[in-house]
Amino acid sequence: MNDVIAVGPLLIRTSWLTWLAAVAGGYLFWRVVWTGSSEQRRCIQQLLIDGVFVYVVVWKISPVVMAPSSLWHNPLGVLYLPGGDRGVMLGAVAAAIVIIFRAYGRNVSMRLLMNSMIVIYLGAHFVYGRS
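Residue numbers are given in the numbering used here: position 33 of the sequence shown equals residue 32, and the series is strictly consecutive.
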């Protein structure tokens, strides 16, 4: 059973809090390690925020994409139903596509972007592995 923390009517899974702490740790590690200009940092930061936003939106609406008839039977289910494994994959692919095309449009070096993502992953993994 998943442990949850109740904050009023909101139920927050502790595993989500662990993921949130890992992402924050990865971001902080990236900020400490970053040696480039602040303009590049802001550009990469905005690319990654856009990617996370696209991921969450696609993951959240994926039940409607996978089973459109569920929208007619339970319209509020879109708010409550999780995306599932297919939604995770669709969200990751959509986020990767958005990040790559926007990085190309803004002339951001793919090497710099990938190095930043690796550093964020390492920092997040350090925090996630400890919890």
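Beta carbons are placed, not taken as given, at the ideal position from N, Cα and C, and that holds for glycine.
query: Measure the alpha-carbon distance for Ser14 versus Phe100 and round it to whole angstroms.; result: 31 Å
query: Is it the case that the Cβ atoms of Leu112 and Ala123 are separated by a distance below 8 Å?; result: no
query: With distances taken from CA atoms, which of Leu10, Val6, Val97 is nearest Tyr54?; result: Val97
query: Please report the straight-line C-alpha distance between Val33 and Met116, rounded to a whole angstrom.; result: One point to set straight first is that residue 33 is Trp, not Val, in the sequence displayed. Taking the straight line from one Cα to the other gives about 12 Å.
query: Do Ile60 and Val87 come within 8 Å of each other at the CB atom, strictly closer than that value?; result: no
query: I think Val126 touches Gly35, with their Cβ atoms under 8 Å apart; what is that distance to the nearest whole Å?; result: Not really, about 23 Å apart at Cβ, beyond 8 Å.
query: Where do the ends of the alpha helix (DSSP H) carrying Leu9 lie?; result: No alpha helix (DSSP H) holds Leu9; the beta strand (DSSP E) holding it covers 9 to 12.
query: Let me make sure I understand the geometry here. Which of Ala95, Leu75, Leu10, Val63 has the alpha-carbon closest to that of Gly83?; result: Val63
query: Which class does Val126 belong to by DSSP, given the choice of helix, strand or coil?; result: helix
query: What does Val6 pair with, by DSSP beta-bridge criteria?; result: Leu9
query: For Trp71, is the classification buried or exposed, using 16 other Cβ atoms within 10 angstroms of its Cβ as the cut-off for buried?; result: exposed
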